[in-house]
Amino acid sequence: MTDPVFGITIRRDANEAAVPSNALMSVVGICMPFAKAATATQEAFDAAFPVGVPVRMNSNDTTRLALCDPDSLFVDAVEGINAQLGPYQVAAQLVVNRVAQGADIAATIANIVGSSVNGTGINAFVNAGADLGVYPRLILTPGYTTQQFGALTGLALTTQGTNMTAAPDVAFTGGGTDPNKVLPTAHAVMGTGPNAQKVASLVIDSPGAYLSAPLNVTFSGGGADAGKVLPTATATVEELANAVCAALPEVLNKILAVAIVDGPNGLTAFTQWRETLSSDRLIPVTPGIKRIDKDGDVVTRPAAPRIAGVAVRRDYENDGRPFRSWANQALYGIVGPEQNYRFSLTDGSTEGQEILAAQGGIIVRGDSGDDFAIADGGFVYIGTDNLSDQTIWQQYHKVRGRDFIELTCLRTLRQFLGKFNLTTQTIQAIVNTVHDILAKAEANGDILGFKCRFDPELNNAQDLRAGHIYIDAQFEEAPVFRRLTMTSRPYAPALQATIDELLARQNLVS
């Protein structure tokens, strides 16, 4: 079609503020090993859940779930998520990556951690957007986040020994009774000159694993000199971070996700575990939970999938926007916490409050007879924090909310790239688009306020000529309400009001 010689030509121009394309924040990613059901064929199971290949599915996909061992932690995780869904919610979206079961717990954890180079284990989630059309932004590895092991971190000579004609052998004993314990190895380096026939230093060859008690260092050999004196040494054993939790932040930062991780039960164990971790994308919970299995027996299971289910429900209640805390929410489908924590709304010196002070999340019982309990009944999750060391980002809903806004801006503004020249109208349309996204967040109570502008300090003629502009978007997420201080004092004017009322009545009578 050519333009008319005598007539009107109409050209449509879409250079206006764009409709926001909201990011999807409630997809749950699960990475773990699990076995097939006894009634399933290996071929069908491998086809549904190929090892190392993420699969997108819904949590009510009974055909696929029927292929899985009903006693597995994976099926428990899916059931735990489903139990928390709210009215009108049928299922949660999942991205599942089945990894191989290792020969021992250390090997299994290594499979979950995987490799960023090969895109295996939890690193497979980084490619989920391109491969599956969705990124999981609530990550779970249930059953594999509490394990810590001690390892040899220091080996110090206390005496060098004398008259040794060969390097002595170094051996270790002790280290606790963990069935997965692996003792470290080391070797001695002989000195020269003034330190000849003495041990000059000790070198750690392997640090060992799952050490839960002090190590004893012994020496043997050292040559045949009858006058030799073997050296002595002391070993330092330290608790190392859980390998899965240590590896998760790298993946979470790439895809703007958070991980809900189970910590050990009890204040002491939890605190030691927590002190090895720091990330605004790790959200801890303790203790585990108790539930009834398919045979009617009470079993303990990880709590993290239940909290993920609460997160999915809370996002759904807020139109998919992750600006709401999950705290003070009842947990369903459980018969109790694995360990009962003492908790009081008014006393910070209770075990539950002390875990909260360490940025943990807890599950506590309601108690209708306890005025200081969190609820009259049921089992309640309390937790507002992640493991960030920056106070501004310690509330997890703020991190998720900012992720949502930034991703929504990314998804919405990309349609302007390359389609329009960088004119005043284009720039204003971009600013208006970001403004509209933030204005909706403010109207919804997600943020307290915002400022959005064409940045006057950063923008310059050279960048503008190159097609590059700077938008300044400032906004403040609404904090969660978690503490109230009420002043209670006598009110003397009430006494005077009583006197005045009595005098007025007396005057009426007289």
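Numbering (the working numbering), first residue to last: 5 to 514. C-beta atoms are modelled at their ideal positions from N, C-alpha and C, and glycine is treated no differently. All figures in this text were calculated on a predicted structure; none of them were measured in a lab.
Length at least 4, wholly inside the region 264 to 311: the alpha helix (DSSP H) runs in chain order: 271 to 278
Enumerate in chain order the residues of its own chain whose CB-to-CB distance from Thr240 is below 8 Å, with the five nearest sequence positions on each side excluded. Leu156, Thr157, Gly158, Leu159 and Ala160
Reducing DSSP to helix, strand and coil, say where Gln152 ends up. coil
Contact under 7 Å by Cβ, Ala445 with Ile451: In this structure, Ile451 lies closer than 7 Å to Ala445 by Cβ.
With a CB to CB cut of under 6 Å and the five nearest residues on each side skipped, what residues in its chain are close to Gly195? Lys202 and Ala204
Under 7 Å, do Gln93 and Tyr320 count as touching if we go by C-beta distance? yes
Which value, in whole angstroms, describes the spacing of the CA atoms of Thr275 and Glu505? 59 Å
Pair within 7 Å by beta-carbon distance, Gly118 and Ile126: Yes, the pair counts as a contact, with Cβ atoms nearer than the cut-off.
According to DSSP, is His191 helix, strand or coil? strand
Nearest-angstrom Cα distance between Val368 and Gly267? Looking at the two C-alpha atoms, the distance is approximately 15 Å.
Short Cβ contact (7 Å threshold) for Ala128 with Pro54: no
Hey, could you find the ends of the beta strand (DSSP E) Leu452 is sitting in? Ile451 to Phe458
Simplified DSSP assignment, three categories, for Gly356: helix
Tell me which same chain residues have a C-beta within less than 7 Å of the C-beta of Gly382, skipping the five on either side of it? Contacts found: Ala334 and Gly370.
Buried or exposed: which applies to Ala465, given that a residue is buried once 16 or more other Cβ atoms fall within 10 Å of its Cβ? Per the 10 Å Cβ criterion, exposed.
Beta-carbon proximity list for Thr427, same chain, < 6 Å, skipping 5 on both sides: Apart from the 5 residues on each side of it in sequence, Thr427 has no Cβ closer than 6 Å to any other Cβ in its chain.
Straight-line CA distance for Gly453 to Pro306? Inter-residue distance for Gly453 and Pro306 is about 38 Å (C-alpha atoms, whole angstroms).
Between Gln432, Glu481 and Phe420, which lies nearest to Ala447 when the distance is taken from Cα to Cα? Glu481
In the DSSP assignment, what are the bridge partners of Phe347? DSSP lists no partner for Phe347.
So, for Leu234: in the same chain, excluding its five sequence neighbours on each side, which residues have a beta-carbon less than 7 Å away from its beta-carbon? Gly165, Pro172, Phe223 and Gly226
Can you tell me whether DSSP reads Ser160 as helix, strand or coil? Note on residue identity: the sequence assigns Ala, not Ser, to residue 160. In this structure, Ala160 counts as strand in the three-state DSSP scheme.
Between the CA atoms of Cys413 and His472 - distance to the nearest angstrom: Near 16 Å, if we compare the C-alpha coordinates of Cys413 and His472.
Are three or more beta carbon pairs between the region 269 to 287 and the region 249 to 261 nearer than 8 Å? For the pair of segments examined, the region 269 to 287 was found to touch the region 249 to 261: the number of CB pairs separated by less than 8 Å reaches three.
Here's a check: name, in chain order, each residue in its chain whose Cβ is nearer than 6 Å to the Cβ of Asp459, leaving out the five neighbours to either side. Correct list, in chain order: Tyr474 and Asp476.
Output needed for Val100: all residues of its chain with C-beta closer than 6 Å, excluding positions within five of it in sequence on either side, in chain order. Ile34 and Val59
Simplified DSSP state of Ala334, which is helix, strand or coil: Here Ala334 sits in strand by DSSP.
Grab the span of the beta strand (DSSP E) containing Ala96 for me, first residue to last. Here Ala96 belongs to no beta strand (DSSP E), and DSSP marks it neither H nor E.
Anyone know if the C-beta pair for Arg317 and Ser25 falls short of 7 Å? no
What's the gap between the Cα of Val82 and the Cα of Pro309? 7 Å
Can you tell me where the beta strand (DSSP E) holding Gly133 begins and where it ends? Note, Gly133: premise wrong, no beta strand (DSSP E); alpha helix (DSSP H) at Ala132 to Leu136.
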